[in-house]
């Protein structure tokens, strides 16, 4: 459905996007993940025909974005970061205007408008001035605008930015409900959004694609390691030594919590490792009170991937077990 | 064509959901009303005097077209210098500021459709403004028998001149995100075009002829007398085409610079 090949975008001497290539199949939801200024918006603007690429080609539904922009634009619904709304218009009038722009036949207009109003649940504000709407409703009207011509491809630039948690959940659900009939590309710098909604993640940093895979594969394979949390009672240095001797284990760290030791064991990817760890503890006669496999979250990978050429200090911070412990660190911090 | 109409109608309606349309219409009505009624009062006074002094001694009766209609419409051309920037300032500047230009540029619409739609929207308001003048003028037909043909020609001239000014304003509005800047640029530029022939009007050099041709106001003189001249029409229509063409290039460049 979407094919991007070797796309580079320069703004004068500054390079916003560097030789980016990827494909998106029909019906996929793909998340663009990256820090602010990574080139997400630029890539999306190139796809929607708002900006021409400096080099490379982008195809949407088989049409070249530069050579046949009108055909591409007919097939794309685009919600920019700031929804393109006219505050002085009423919601219905606005949607009617957009419907005309998108080339919907006048006989079809009312049906399409009703359908997107229904879809995005903005029925109770449809006669209000857009300027009077809350941020959440504006975002929905923005989505309604993008959906009105039932495009094959939906491009959503940070669809949940600036919304409150409840609105975020609603918008995410809405996006998920659109999967299947539309191919969706959404950008975000919020990690849970990607793991929650997207079938595939493309991580962009400084204009380059750093990774392109499913969230699951990214969390498991890319990592090449696993972490296990053990709750044990036993002498601390003994535990540290013995667990460290288990084959495949790379690092062990423990801390005392209410008379028991809570240990974090990092080991190579091997399904046998948890069993070996449990055996070791039990065979030595210590009590095993808890055991949990810690999945390394997208956040860890994200930080690792986007930090690789930063100062060593930054890398150390990530390697710090506390910072990397997903259980101890809900993703809120990255949300900011 | 459908796109042009959709954009033009939206633009026209938006004028009325902001104070701009009302301000522009009210100012036009007030100023035109002033010129028209004072002109009419003088005309009545002079005709009475003429009738008393020379009652039918071979003197033709005073011509109301010449004494009232032409000057009051002619005076309005200066008022347009102030009103047109108010009409055109928001055309593109506002879209650029609020980001809605992204909607237009990512919709299956050609650039020239956007430009022409916007310009037509502004022209609709301009014509609504002229309608005020038409209402005033039509009152004359109740009391006397003015010649309607020169009136129409003068109105046509105003529309052409307004079209040219609006096209220039539309172009200048594509250059900035700030409506005030757009209005100031437009006013400054139109004023310059207006006074272009003043300084050189006493010399006969080629430069002065060129300025005379480029200036905005001399081309209206013939229209106000009820004469349609090809060179005046050509001037205004070329100015419209140039303004719209520059707007299109400027809109395109937005894609490269954005």
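Chains as they are written, first to last, in the working numbering: chain H, 845 to 1180; chain W, 26 to 283.
The beta-carbon is built from N, C-alpha and C at its ideal position, and this holds for glycine as well.
Exercise. Would you give the residue range spanned by the alpha helix (DSSP H) that residue 159(W) belongs to?
Key: 136 to 163
Self-check item: Cβ contact (3+ pairs, closer than 8 Å) linking the segment 1050 to 1058 of chain H and the segment 1024 to 1037 of chain H
Solution: no
Quiz item: Thinking just about the alpha-carbon of each residue, which of 131(W), 123(W), 214(W), 212(W) is nearest to the one in residue 202(W)?
Solution: 123(W)
Exercise. Would you mind working out which of 59(W), 138(W), 78(W) sits nearest residue 162(W), comparing C-alpha positions?
Key: 59(W)
Exercise. Leaving aside the five residues before and after residue 180(W) along the sequence, list all residues of the same chain whose C-beta is less than 8 Å from its C-beta, in chain order.
Key: 98, 155, 158, 159
Quiz item: In chain W, which residues lie with their C-beta within 7 Å of the C-beta of residue 922(H)?
Solution: 131
Practice problem: Select from 1036(H), 1033(H), 1059(H) the residue whose C-alpha is nearest the C-alpha of residue 1045(H). | Solution: 1059(H)
Quiz item: residue 146(W) versus chain H: which residues are under 9 Å apart at the beta carbon?
Solution: Those within 9 Å of residue 146(W) in chain H number zero; the least Cβ separation is about 12 Å.
Quiz item: Whose Cβ in chain W lies nearer than 7 Å to the Cβ of residue 932(H)?
Solution: 39, 42, 43
Exercise. Return the chain-ordered list of same chain residues with a C-beta closer than 6 Å to the C-beta of residue 877(H), the five sequence neighbours on each side being excluded.
Key: 1038, 1045, 1047
Quiz item: Should residue 900(H) be flagged as near chain W, meaning a C-beta pair shorter than 7 Å?
Solution: no
Quiz prompt | the segment 906 to 924 of chain H contacting the segment 962 to 975 of chain H, beta-carbon criterion three pairs below 8 Å | solution = no
Quiz item: Is there at least one Cβ from chain W nearer than 7 Å to residue 1027(H)'s Cβ?
Solution: no
Exercise. Scan the segment 924 to 966 of chain H and note each continuous alpha helix (DSSP H) run of 4 residues or more that stays entirely inside, going in chain order.
Key: 935 to 945, 950 to 963
Practice problem: Please find out if some non-hydrogen atom of the ligand FAD comes closer than 6 Å to the beta-carbon of residue 1009(H). | Solution: Although the ligand FAD was asked about, the structure shown includes no ligands whatsoever.
Quiz item: When we look at the beta-carbon of residue 1001(H) and count the other beta-carbons within 10 Å, is it buried (16 or more) or exposed?
Solution: buried
Quiz item: the segment 882 to 896 of chain H: which residues have C-beta closer than 8 Å to a C-beta of chain W, in chain order?
Solution: 889, 892, 893, 894, 895, 896
Self-check item: Validate contact between the segment 193 to 207 of chain W and the segment 263 to 278 of chain W using beta carbons, cut 8 Å, 3 pairs
Solution: yes
Exercise. May I ask you to list, following chain order, the residues of the segment 92 to 126 of chain W that have a beta carbon less than 7 Å from some beta carbon of chain H?
Key: 124, 125
Quiz item: Do we get a CB-CB distance below 7 Å when we pair residue 134(W) with the residues of chain H?
Solution: yes
Quiz item: Could you give the distance in angstroms between the alpha-carbon of residue 935(H) and the alpha-carbon of residue 942(H)?
Solution: 11 Å
Exercise. May I ask you to list the residues that DSSP assigns as paired with residue 1131(H)?
Key: 1077(H)
Quiz item: Counting only beta-carbon atoms, is residue 941(H) nearer than 7 Å to chain W?
Solution: yes
Quiz item: Along chain H, which residues have their Cβ under 7 Å away from the Cβ of residue 31(W)?
Solution: 941, 944, 945
Quiz item: So which residues of chain H does residue 162(W) contact, with C-beta pairs closer than 7 Å?
Solution: Chain H residues near residue 162(W): none, gap ~33 Å exceeds 7 Å.
Quiz item: In whole angstroms, what is the alpha-carbon distance linking residue 178(W) and residue 146(W)?
Solution: 23 Å
Quiz item: Nearest chain B C-beta to residue 992(H) closer than 7 Å, yes or no?
Solution: The displayed structure is made up of protein chains H and W, and chain B is not among them.
Quiz item: Counting only beta-carbon atoms, is residue 1117(H) nearer than 7 Å to chain W?
Solution: no
Practice problem: May I ask you to list, following chain order, the residues of the segment 186 to 220 of chain W that have a beta carbon less than 7 Å from some beta carbon of chain H? | Solution: none
Quiz item: Any C-beta of chain W sitting closer than 7 Å to the C-beta of residue 914(H)?
Solution: yes
Quiz item: So the beta strand (DSSP E) residue 1097(H) belongs to, where does it begin and stop?
Solution: 1093 to 1101
Quiz item: Using 8 Å as the threshold, is the segment 101 to 117 of chain W in touch with the segment 880 to 888 of chain H, meaning 3 or more CB pairs across them?
Solution: no
Practice problem: Determine the DSSP secondary structure at residue 1041(H), reduced to helix, strand or coil. | Solution: helix
Quiz prompt | Per-residue DSSP class, three states only, for residue 1030(H) | solution = strand
Exercise. Rank 961(H), 1077(H), 1109(H), 873(H) by C-alpha distance to the C-alpha of residue 1102(H) and give the top, closest one.
Key: 1077(H)
Quiz item: Would residue 1003(H) count as contacting chain W if we go by Cβ distances under 7 Å?
Solution: no
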